[in-house]
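Chains as they are written, first to last, in our numbering: chain U, 1 to 593; chain X, 594 to 1186.
Right, one structure below, let's go through it.
Protein chains: 2
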Amino acid sequence: MSTLSRELEFQLHEVLNVESFSRRPRYEGQTREDFDSILSAAERLAADFFAPHYAKGDANEPQFVDGNARTIPETGEAWRAFAAAGFLSAHWSADEGGIQLPEPIFRAAMAHFFTANAPTAGYPFLSIGAANLLRAFGTAELKSQYLSAMADGRCAGTMALTEPGQGSALGDIKTVAVPSDDGTYRIAGQKMFISGGDQDFTENIVHMVLARIKGSPSGVKGISLFLVPKFLPGSGKRNDVALAGLIHKMGWRNTTSTVLSFGENGGAVGWLLGEANRGLAHMFQLMNEARIGVGLIASSLAYRGFTESFEYARQRPQGRLPSSKDPLSPQVTIVGHADVRRLLLTQKAVAEGSLSLCLHASAWFEDEQTHPDPAVRASAGLLLDLITPVVKSWPSKHGCRSNEAAIQVLGGSGYTREYPLEQLYRDQRLNPIHEGAEAIHGIDLLGRKIGANNSGFQTFLSVVREETGQVPSSLENLAARLQDVLCSLESVTSRVLRGLATDPDAALANATEYLDAFGRICIAWMWLKQAKVAAAAVAEFTSDDPRSNYYHGKLQAAQFFYEWELPAAVAQLELVGSANRTALEMREEWFIG
Amino acid sequence: MSTLSRELEFQLHEVLNVESFSRRPRYEGQTREDFDSILSAAERLAADFFAPHYAKGDANEPQFVDGNARTIPETGEAWRAFAAAGFLSAHWSADEGGIQLPEPIFRAAMAHFFTANAPTAGYPFLSIGAANLLRAFGTAELKSQYLSAMADGRCAGTMALTEPGQGSALGDIKTVAVPSDDGTYRIAGQKMFISGGDQDFTENIVHMVLARIKGSPSGVKGISLFLVPKFLPGSGKRNDVALAGLIHKMGWRNTTSTVLSFGENGGAVGWLLGEANRGLAHMFQLMNEARIGVGLIASSLAYRGFTESFEYARQRPQGRLPSSKDPLSPQVTIVGHADVRRLLLTQKAVAEGSLSLCLHASAWFEDEQTHPDPAVRASAGLLLDLITPVVKSWPSKHGCRSNEAAIQVLGGSGYTREYPLEQLYRDQRLNPIHEGAEAIHGIDLLGRKIGANNSGFQTFLSVVREETGQVPSSLENLAARLQDVLCSLESVTSRVLRGLATDPDAALANATEYLDAFGRICIAWMWLKQAKVAAAAVAEFTSDDPRSNYYHGKLQAAQFFYEWELPAAVAQLELVGSANRTALEMREEWFIG
Chain U
1 MSTLSRELEF
11 QLHEVLNVES
21 FSRRPRYEGQ
31 TREDFDSILS
41 AAERLAADFF
51 APHYAKGDAN
61 EPQFVDGNAR
71 TIPETGEAWR
81 AFAAAGFLSA
91 HWSADEGGIQ
101 LPEPIFRAAM
111 AHFFTANAPT
121 AGYPFLSIGA
131 ANLLRAFGTA
141 ELKSQYLSAM
151 ADGRCAGTMA
161 LTEPGQGSAL
171 GDIKTVAVPS
181 DDGTYRIAGQ
191 KMFISGGDQD
201 FTENIVHMVL
211 ARIKGSPSGV
221 KGISLFLVPK
231 FLPGSGKRND
241 VALAGLIHKM
251 GWRNTTSTVL
261 SFGENGGAVG
271 WLLGEANRGL
281 AHMFQLMNEA
291 RIGVGLIASS
301 LAYRGFTESF
311 EYARQRPQGR
321 LPSSKDPLSP
331 QVTIVGHADV
341 RRLLLTQKAV
351 AEGSLSLCLH
361 ASAWFEDEQT
371 HPDPAVRASA
381 GLLLDLITPV
391 VKSWPSKHGC
401 RSNEAAIQVL
411 GGSGYTREYP
421 LEQLYRDQRL
431 NPIHEGAEAI
441 HGIDLLGRKI
451 GANNSGFQTF
461 LSVVREETGQ
471 VPSSLENLAA
481 RLQDVLCSLE
491 SVTSRVLRGL
501 ATDPDAALAN
511 ATEYLDAFGR
521 ICIAWMWLKQ
531 AKVAAAAVAE
541 FTSDDPRSNY
551 YHGKLQAAQF
561 FYEWELPAAV
571 AQLELVGSAN
581 RTALEMREEW
591 FIG
Chain X
594 MSTLSRELEF
604 QLHEVLNVES
614 FSRRPRYEGQ
624 TREDFDSILS
634 AAERLAADFF
644 APHYAKGDAN
654 EPQFVDGNAR
664 TIPETGEAWR
674 AFAAAGFLSA
684 HWSADEGGIQ
694 LPEPIFRAAM
704 AHFFTANAPT
714 AGYPFLSIGA
724 ANLLRAFGTA
734 ELKSQYLSAM
744 ADGRCAGTMA
754 LTEPGQGSAL
764 GDIKTVAVPS
774 DDGTYRIAGQ
784 KMFISGGDQD
794 FTENIVHMVL
804 ARIKGSPSGV
814 KGISLFLVPK
824 FLPGSGKRND
834 VALAGLIHKM
844 GWRNTTSTVL
854 SFGENGGAVG
864 WLLGEANRGL
874 AHMFQLMNEA
884 RIGVGLIASS
894 LAYRGFTESF
904 EYARQRPQGR
914 LPSSKDPLSP
924 QVTIVGHADV
934 RRLLLTQKAV
944 AEGSLSLCLH
954 ASAWFEDEQT
964 HPDPAVRASA
974 GLLLDLITPV
984 VKSWPSKHGC
994 RSNEAAIQVL
1004 GGSGYTREYP
1014 LEQLYRDQRL
1024 NPIHEGAEAI
1034 HGIDLLGRKI
1044 GANNSGFQTF
1054 LSVVREETGQ
1064 VPSSLENLAA
1074 RLQDVLCSLE
1084 SVTSRVLRGL
1094 ATDPDAALAN
1104 ATEYLDAFGR
1114 ICIAWMWLKQ
1124 AKVAAAAVAE
1134 FTSDDPRSNY
1144 YHGKLQAAQF
1154 FYEWELPAAV
1164 AQLELVGSAN
1174 RTALEMREEW
1184 FIG
């Protein structure tokens, strides 16, 4: 079993107890063996079709040829293998043609692909999200037109939100939709940074486009959602969507990032999805899914860096311990150096903590839909809504730090393109940017999620407190630390909220710092959960039983997180609680004089 | 005047008062105008010959052609312009043919080149260091053979320390030197990661090679230093040094990184520099110079990222403040968002603080050599020796964070190759690795610099305390914070030192964390110095005088550093002081189970 498989087994079965899903009506008849065989299939596919061209895709980025994007053949082969195995629709209901796989299993399977080759896995990841939007908001006609092709891989999907002049401020979208007599719309405008916006391995592409119907209100309340295909149904003719250019990025090079021009020749034909002027709300379904997905991608890249740098560290002899003065004594492998162990523990704490958080988010998503107890459904929904910005942001930001540490373990070799660490580092750097830059999520968490509706936050506090109240004596120290930080979080939050109505600019000025502290607390919670499972497992083994190694590692990483990572949250909350105004009051004309 | 010129003027003239060097006998007759014209010349050269091919050099890395490295022509043009302007020997004594420029002026001039194009400036940077080694340890014959060619650019120099199997552990060097009858040596072995180890724009290259004379003791006490030219004097024939390969890196692509094979055909001819078996001590002169240089490069890359992202932030309109709910109100430029200001202030605090530290290190170097007061010479030498690992490490590590923030300011655009931010980020990532990976410097600082000789540390404490004792009332708050952290540093240090003799592995286990905290304190010291100058300057202007803007920015950045960056040192020192054993006790078999 691979390292990641073992880790997913722990997270899914030992922490999340996903086997219990089998007792829910929707998953009746599904067994642990079914789940495990899906994960094994994902692992094999990822190893056979995704991992081998991770470096090649980076070195041979898509080319702009005659108005189309040309990719290396391996990308299309991977796409087809993924589709043929049924992963594009594995979570769909049986009546839609899926195998109605529970969400955490499905997302855990995706972790295999992200770990092997995130840029290639980006295509199915986005397409799955676009199909989910169509499933939720499409008319029966549109669904029958596209869904089966999106399940078997003939058609891919994208999300087309960002425009050149607007970035993350979606309210300023300028793309226009004009109603046509036949009930369709003519779309005109330019979209930028559209991942997978063109490629050469599917027969068609459907873009999920945000645009403003002529005459609609300005701001976010006048945005609608449209399905705009690359090729028109029926005639099969090219729609009025042109690939205006490919964007050249630092990483994620095998995922096309495109500028798309809609309507340069009269208007691209588009179909309204859902209600007019409710497009942003509809799109948020996809965005929330994508945000959790970005967290999972970030966790996967961090995890890959951890295992790669660990393998290097245990094979590479170099130097001696400070206590060894004899130059003729043998060199130690570098995993013997305390600082290398620190770098590896940092990665383990970040990567496995983040992975755990993302899988919990999937479980809350699942619980919200299918848990038999309405109270649990409600509480899962509140937690998911509250923590989504954290799931997107914390693994992304600290994934960068984790991959930075992976390079450092290898030293000069880590900086070369002979090893995958530098590519992981470059790929990871996108995650704090796409699906909303970090600052957006701080304001979302503090200003919108907590500021507007305190019940999610109260649920969070009580769930985590409950967790800290039920620990074995060996973990009481960790639980007490987490309780302390929760108290700070609670008091700082209410202090900030008091200012939100009167001076939102000041109250939200340090929201990014708040988000980061909140994330540390969430990850600490995840490590407490993992440590509880590990402590119980360790008790089952004699001390020299090698099966206990994995669990000792979990306990040590939990302790490391509490000692080395959690204390920063205290300092961060202090800063936020003091309503620090230094950044707020900095003036443009002072920066360089 | 460019932004960097203004900054260097502040650091050199207002903080370091370099004009006072004119009163030292060595610099008699040199005026502020002389210094400023040198800096202007550097700025022009950097703009004309280095900046234009920063991106091109990255996209067209050197090629291995018929056993030689081929570079783009712009690299050689930049080298020749740099040489023709006299910068390769500007700091040399007049009797060596230099203009005996004071060290801080010379290094400040280098900052212009590093900011414009660090990879291309890497060639002269390394060559200057190699020439300094030859100046210090070469025989008269060797000096007359090579120095004038190293001054006018016909010959470049490199440092060849690292070997494939040894990395940073120099005691394990395996390259062998066998004495020959004519007083030279025959060198055989392989060196790796040799920057500038081959190129096509100088007539010759001299490698400063560490090797072990046959029969010498093992470990660091048996290493000698050799000069090994690419082409032999007299005959002009190729020496037995072969380019075995080019290493492909994430950044610094325009600097060749080479594998060199010495002695595949009988032995490369080498000349001993200095004393046999003292090679590592001799090489440390170059390494210390290079370490301060790496700090300066890191500061320069961070500074460039800061100014580039600031320019973007003040031109790019996007979004509105939280207090503005009207979607028809105009967008603000993103510098108006508090979190963007935080990202910019982080960069300003890191970059300008680091730059200040590097220039102070140059000033201590200068003072150690030329200050008229022997007590100041001694104290400068102690400070320089103590702080060199910090100068190398802190700007490098936090420069990465600074360039990360620069990308974040630009969002998606920062991730593209249309802007230089992503290249700065990739280039910066080398700095925590080369010239000794970060962990080496933590152990050097705590185990060697402080552990073996407490007088440097005591000097540091008293000099910084003196600084905190002489502040205007507006800065008393900052001074008090710094005093508090100094107290923690002092008590934690003595606690750690007590364990050093009995259990060095445990005492040094968290040395990297100690190094980082020490660095924060050094940068806080630099910001206090800058704030003092700024507070005095602000008092000279009426509040609406635009000339005060620059100084207000300094005061705000100082405050930001004390509030947002210094507190982490307290938490770090607590961890170190508690003799945390979590990384030390982590076992190899626990990492992945």
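Even for Gly, the Cβ is constructed at its ideal location relative to N, Cα and C.
Can you tell me whether DSSP reads A537 (chain U) as helix, strand or coil? helix
Using a C-beta cutoff of 8 Å, does N996 (chain X) count as contacting chain U? no
Compile a chain-ordered list of the residues in the region 34-65 of chain U whose CB is closer than 8 Å to at least one CB of chain X. none
Could you check whether the Cβ of A437 (chain U) sits closer than 8 Å to any Cβ belonging to chain X? yes
Tell me, which residues are paired with V259 (chain U) by DSSP? U:G245
As assigned by DSSP and simplified to three states, the class of K784 (chain X): strand
Which same chain residues, not among the five before or five after A671 (chain X), have their C-beta less than 6 Å away from its C-beta? F642, F643 and T713
Can you have a look at R429 (chain U) and say buried or exposed, based on whether 16 or more other CB atoms are within 10 angstroms of its CB? buried
Let me know if G183 (chain U) comes out buried or exposed under the rule of 16 or more other beta-carbons within 10 Å of its beta-carbon. exposed
Once you ignore the five residues that flank S773 (chain X) on each side, which residues in its own chain have a CB closer than 6 Å to its CB? R779
Cβ contact (3+ pairs, closer than 8 Å) linking the region 485-499 of chain U and the region 576-593 of chain U: yes
Can you tell me which residues form a DSSP beta bridge with F231 (chain U)? U:R238
For P540 (chain X), collect the residues of the same chain with a Cβ closer than 7 Å to its Cβ; drop the 5 residues on either side in sequence, then sort them by chain order. Residue 540 (chain X) lies beyond the range of chain X shown here (594 to 1186); nothing can be said about it.
Output the distance between the C-alpha atoms of P645 (chain X) and S1048 (chain X), rounded to the nearest integer angstrom. 47 Å
Kindly indicate the opening and closing residues of the alpha helix (DSSP H) around T939 (chain X). A931 to T963
L596 (chain U) lies in the alpha helix (DSSP H); which residues open and close that run? No answer is possible for residue 596 (chain U): it lies beyond the span of chain U, which begins at 1 and ends at 593.
Where the alpha helix (DSSP H) containing Q878 (chain X) begins and where it ends: G872 to Q908
Chain X residues whose Cβ lies nearer than 9 Å to that of A108 (chain U): Here the premise fails: no neighbours, minimum Cβ distance about 17 Å.
Does DSSP classify T1175 (chain X) as helix, strand or coil? helix
Shorter than 8 Å from the beta carbon of G189 (chain U) to some beta carbon of chain X? no
Which residue comes first and which comes last in the alpha helix (DSSP H) that contains V206 (chain U)? Looking at the DSSP string, V206 (chain U) is not in any alpha helix (DSSP H); the run it does join, the beta strand (DSSP E), is N204 to I213.
Against D198 (chain U), what residues of chain X qualify as contacts under a CB-to-CB distance less than 9 Å, listed in chain order? None at all; the shortest Cβ gap to chain X is about 17 Å.
Interfacial residues, the region 857-877 of chain X to chain U, with Cβ spacing under 8 Å: none
Local Cβ density within 10 Å of D444 (chain U), reported as buried at 16 or more and exposed below that: buried
Measuring only between beta-carbons, confirm whether M250 (chain U) sits less than 8 Å from chain X. yes
Quick check on this structure: which residue in X:S598, X:N725, X:E1158 and X:K1122 has the alpha carbon closest to the alpha carbon of W685 (chain X)? X:N725
Chain U contact for E1182 (chain X) (CB, 8 Å cutoff): yes
Under 8 Å between C-beta atoms, does V928 (chain X) make it to chain U? yes
Determine whether the Cβ of S168 (chain U) lies closer than 8 Å to any Cβ atom of chain X. yes
Start and end of the beta strand (DSSP E) containing T596 (chain X)? No beta strand (DSSP E) holds T596 (chain X); the alpha helix (DSSP H) holding it covers T596 to E602.
Identify whether S613 (chain X) lies in helix, strand or coil by the three-state DSSP scheme. helix
Chain U residues whose Cβ lies nearer than 8 Å to that of L879 (chain X): None at all; the shortest Cβ gap to chain U is about 18 Å.
Are the C-beta of L246 (chain U) and some C-beta of chain X separated by less than 8 Å? no
Taking one C-beta from the region 1041-1061 of chain X and one from the region 968-988 of chain X each time, how about it: are there three or more such pairs within less than 8 Å? yes
Please name the residue, chosen from X:L1003, X:Y1107, X:I1116 and X:H705, that lies closest to G1044 (chain X) on a Cα-to-Cα basis. X:Y1107
Since M250 (chain U) contacts E1015 (chain X) with CB under 8 Å, what's their CB separation in whole angstroms? 4 Å
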